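If you're matching positions, the sequence shown starts at 85 in our numbering and goes up one per residue.
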Amino acid sequence: METFFWILISALTIIPMVKLLPFFGINRYWAVACIVPIGTIALLWWMGMKLQELEKR
């Protein structure tokens, strides 16, 4: 049951990331990093940094 829960949470995180990452200029294959929780946090941080760069322009 834990495996199913882990796969469900990963899929619910990876699918939106695949759509959002190209908007920030990040390759969509980086969404695979969301399999581990620290990867999700790192990608959110990276997207935040890119958003700050876009706002400065």
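No residue lacks a Cβ here, since even glycine has one placed at the ideal position from N, Cα and C. Keep in mind the model is a prediction, meaning the values are calculated, not measured.
If you draw a straight line from the alpha carbon of residue i to that of residue j, how long is it in whole angstroms?
i    : j    : result
I98  : K140 : 28 Å
M131 : E86  : 29 Å
L104 : F88  : 25 Å
Y113 : V102 : 7 Å
So residue i packs on residue j, CB below 8 Å; how close in whole Å?
i    : j    : result
A117 : A126 : 7 Å
S94  : I119 : 5 Å
In terms of alpha-carbon separation, which member of the options lies closest to residue i?
i    : options                   : result
L138 : G123, F107, M101 and I119 : F107
M133 : I122, A95 and G109        : G109
Following the continuous alpha helix (DSSP H) through residue i, name the residue where it begins and the one where it ends.
i   : result
M85 : Note, M85: premise wrong, no alpha helix (DSSP H); not H, not E.
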